[in-house]
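Visitor: Going by the numbering used here, the sequence shown opens with residue -3, and the numbers climb by one from there.
By construction, the Cβ of each residue, glycine as well, lies at the ideal position given by its N, Cα and C atoms.
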Amino acid sequence: MQVVATAGHVDHGKSTLVRALTGMEPDRLAEERRRGLTIELGYAWTTLPSGERLAFVDVPGHERFLGTTLAGVGPVPAVMFVVAADEGWMPQSQEHLVALEALGVRHGLLAVTRADLADPTPVVEEAGARLAAAGLTRAEALAVSGHTGQGLGELRRALDRLVARLPEPDPGAPVRLWIDRVFSVRGSGTVVTGTLPAGRVAVGDELVLGDGLARVRALECLKEPVTSVTGVARVAVNLRGGAAERGRALLTPGAWTMTDLADVRLSPVGGAREISLPGRLSAHLGSAAVGCAVRPLGDGVVRLRLARPLPLHVGDVLLLRDPGRATGKSAGADRTEVRVLAGASVLDVRPPPLRRRGAARLRAAELTKAPPGAGALLRTHRLLRGADLLAMGCAPEGEPVCGDWHADPGHWSLLGERLAETVARHAAEHPLEPGMPVEAVRNVLGLPDRRLVAALVRPPLAVTGGRIVSGPPRGLPEPVARAVSRLRAELSARPFLAPEAGRLAELGLGPRELAAAVRAGMLLRIADGIVLLPGADVAAARLLARLPQPFTVSQARQALDTSRRVAVPLLEHLDRDGLTERLDGVNRRCPASTR
Ligand SMILES: Nc1nc2c(ncn2[C@@H]2O[C@H](COP(=O)(O)OP(=O)(O)OP(=O)(O)O)[C@@H](O)[C@H]2O)c(=O)[nH]1
Ligand SMILES: [Mg+2]
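#1: Would you tell me roughly how many angstroms separate the C-alpha atoms of Arg110 and Ala123, rounded to the nearest one?
#2: With a threshold of 8 Å, are at least 3 pairs of Cβ atoms found where one atom belongs to the segment 66 to 75 and the other to the segment 176 to 192?
#3: Report the three-state DSSP secondary structure of Ser409 (helix, strand or coil).
#4: With 16 as the cutoff for other CB atoms within 10 Å, does Ala511 come out buried or exposed?
#5: If the criterion is Cβ atoms closer than 8 Å, does the pair Leu215 and Thr223 meet it?
#6: List the whole-angstrom C-beta distance separating Val233 from Leu246, where the pair is believed to meet the contact cut-off of C-beta under 8 Å.
#7: Determine, using beta carbons only, whether Leu218 and Val212 come nearer to each other than 8 Å.
#8: So, at 8 Å on beta carbons, what are the nonlocal neighbours of Thr64 in its own chain, with the 5 sequence-adjacent residues on each side left out?
#9: Taking Thr195 and Val159 to be in contact with their CB atoms under 8 Å, please state how far apart those CB atoms are, rounded to whole angstroms.
#10: Under 8 Å between the Cβ atoms of Pro392 and Ala370?
#11: Could you tell me how far apart the beta carbons of Gly4 and His92 are, in whole angstroms, since I believe they sit closer than 8 Å?
#12: Helix, strand or coil for Gly369 per DSSP?
#13: Measure the alpha-carbon distance for Thr323 versus Val6 and round it to whole angstroms.
#14: Can you list the beta strand (DSSP E) stretches of 3 or more residues lying completely in the segment 26 to 77, in chain order?
#15: Cβ of Leu380 within 8 Å of Cβ of Leu373?
#16: I need the DSSP call for Gly339, collapsed to helix, strand or coil.
#17: Three or more C-beta pairs closer than 8 Å, one from the segment 445 to 453 and one from the segment 395 to 415: is that the case here?
#18: Near Asp533, what residues of its chain come up, given a Cβ to Cβ distance below 7 Å and the 5 sequence neighbours on each side ignored?
#19: Please report the straight-line C-alpha distance between Ser409 and Pro455, rounded to a whole angstrom.
#20: Measuring from the CB of Asp54, is there a heavy atom of ligand 2 at a distance below 7 Å?
#21: Just verifying my parser: in three-state terms, what is the DSSP assignment at Asp384?
#22: Name the one or two DSSP bridge partners that Arg585 has.
#23: Go ahead and label Phe606 buried or exposed: buried means 16 or more other beta carbons lie within 10 angstroms of its beta carbon, across all protein chains shown.
#24: Within the segment 87 to 116, note down every full beta strand (DSSP E) run reaching 3 residues or more, in order along the chain.
#25: Need the endpoints of the beta strand (DSSP E) that Glu216 sits in, please.
#26: State the beta-bridge partners of Trp401 as determined by DSSP.
#27: Nearest-angstrom Cα distance between Gly296 and Arg261?
#28: Measure the alpha-carbon distance for Ala95 versus Val286 and round it to whole angstroms.
#29: Rounded to the nearest angstrom, what separates Val549 and Leu567 at their Cα positions?
#30: Tell me which residue opens and which closes the alpha helix (DSSP H) that Pro475 is part of.
#31: Going by DSSP in three states, Arg301 sits in which element: helix, strand or coil?
#32: Hey, would you say the C-beta of Thr42 is under 7 Å away from at least one heavy atom of ligand 2?
#33: When you compare each of Arg542, Asp156 and His426 to Asp43 by their alpha carbons, which one comes out closest?
#34: Please identify the residue among Pro430, Gly525 and Pro507 whose C-alpha is closest to the C-alpha of Ala489.
#35: For ligand 1, is there a heavy atom less than 7 Å away from the beta-carbon of Leu148?
#36: Using DSSP with H/G/I as helix, E/B as strand and the rest coil, what is Val265?
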């Protein structure tokens, strides 16, 4: 099944043509029939010569109902553009064409109707050229009459050719069914109708509607009950729950980003070169129309703040129009001038705040640099879950860095460098701690998930016991590694009290084992049988530098909270490294440069 919307100036014969093609009445309201004017959207359908079923969404042409017209055209992928042979191109012909151009509708045909009233040739030529200039380059042009039936057979075949060219919608796509009509049926509750552009809806589905969920109780497709339907289709959905109204959409849960903020690229319409937008506009998408404020960023990119959130994907195209100014009593009290101003292609649905001066320009430059997609989103957002990317409308490219997380490659390698620096700085500042806690690293790097920290760790760094340590106890046999870990834990409590020979023996750490642990960077050798944690020497020197200078062994021993057995060889070790200076048989000092 396919769906085509009508478009064209008021009274040019859209509804008459739909009626002639389908045998159904698109103008359902008594008022419409009395006034000979379409006010509400009309629905009718037929079977084409190929056997394909085609539904029409018949829109009003009167300028006062442009909002309704846009709600009808918005979700539909193709158009039957109607121009009357006896009147030719008129203001709403132009306005509707500009709207189709803004929405990016590229598929359609031109029906020059009322060909029984005037020679259609000049109109076919003029209107055909206008459609082509607006992007409907492959639109066939046909002269027809809804009254005499002239050209209708050919029109049906042309409709067949048109729908055969339409892109095949993805049945696995997330559902966004814009509601264009709501009514109640006694005994079954709320029914909504809309054009399903892609994806699949089935009885029993739970779909997001407004702030809540709505369950699909029953489905109809062209008045026939069905258990499931895939786009493109006209569907009527009987709902339980949810606040249904035109302009809202039934959505696959989690598949869309509900947002009132979007960065968009403007495209000029109607042959305009420049786009100048007032600060307040009305934005149309699907059957929705919302007020919005515009903030220009530069280079044809603007930030839209919508009066209410819309379900958006990157790549959606919104229509921006002047919400209408009253043109004064002379033109009639209810007459408004309506202008479609631009198309707006969505580049980002979670735009970052612009805080600093010049941030808007930088943002515009960033958005114009790369084509929209997962890569561009990651450059802005740096880290995103695959599920977030999908909800933003972009399939993740490449492998996740861990779990469901995707990263911008440049940012990821920068994070790796920052992690190494952070861990090294921590080791220098806390030489006695056996590495930096993963959670602390996560905080410093501002990462949203602890697993990302582990994923960033590269040798010689390693994660053990919730910490990132520099150099794993590699090459040490398992029992020795375990004994060394215990020793390191004891040392982190009293960092300068090297274990006594008896404790080393208990742990099974003889001279060979200790030498291996020193080689592996797990321990620092001070003297035979005296080991401390790596970095303990620097930490000791820092404490000693705070003592009144010079100081004695005994003063050093007290400051370091250790025994003479350790203090003497430790001071000699520091002397050798130039961290302390021996003045005479009794006194030492720290060199002036370290104090
Ligand atoms: N002679 C002739 N009259 C036509 C033809 N098509 C439509 N009309 C007449 O033109 C008038 C308007 O036709 P509609 O089909 O209501 O026009 P519309 O485009 O649907 O109008 P809106 O929905 O209000 O924009 C009616 O009086 C029709 O009878 C045609 O092919 N030949
Ligand atoms: Mg009509």
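Guide: A quick look at the data gives this:
#1: Their backbone Cα atoms lie some 14 Å apart in a straight line.
#2: The segment 66 to 75, when compared against the segment 176 to 192, does touch it at the 8 Å Cβ threshold.
#3: helix
#4: exposed
#5: The Cβ atoms of Leu215 and Thr223 lie closer than 8 Å to each other.
#6: 7 Å
#7: Not in contact: Leu218 and Val212 (Cβ atoms no closer than 8 Å).
#8: The residues Ile35, Glu36, Leu37, Val55 and Pro56, in chain order, have a CB closer than 8 Å to that of Thr64 in the same chain once the five nearest residues on each side in sequence are set aside.
#9: The sequence given here has Gly at residue 195, not Thr. Gly195 to Val159, Cβ: 19 Å. No contact.
#10: Yes, the Cβ-Cβ distance between Pro392 and Ala370 is below 8 Å.
#11: Between His92 and Gly4 the Cβ distance is about 6 Å, and since that is below 8 Å, they are a contact.
#12: Reduced to three states, the DSSP call for Gly369 is coil.
#13: Model confidence at Thr323 stands at a pLDDT of 45, short of 50, so the residue's coordinates are unreliable; what they give is reported in the following sentence. Distance between the alpha carbons of Thr323 and Val6 is about 20 Å.
#14: 38 to 43 and 49 to 54
#15: yes
#16: strand
#17: The answer is yes - the segment 395 to 415 touches the segment 445 to 453, with three or more Cβ pairs under 8 Å.
#18: Leu520, His569, Leu570, Asp573 and Leu575
#19: 14 Å
#20: yes
#21: helix
#22: Glu577
#23: Here the chain comprises residues numbered -3 to 591, so residue 606 is not present and cannot be evaluated.
#24: 103 to 109
#25: Per DSSP, Glu216 belongs to the beta strand (DSSP E) from Gly208 to Cys217.
#26: Under DSSP, the beta-bridge partners assigned to Trp401 are Arg381 and Cys398.
#27: 6 Å
#28: 16 Å
#29: 8 Å
#30: Glu474 to Ala489
#31: strand
#32: no
#33: According to the sequence provided, residue 43 is Thr. The question's Asp does not apply to it. With distances taken between Cα atoms, Thr43 lies closest to Asp156.
#34: Ala489 has its Cα closest to that of Pro430, out of Pro430, Gly525 and Pro507.
#35: no
#36: Residue state, collapsed to three classes: coil.
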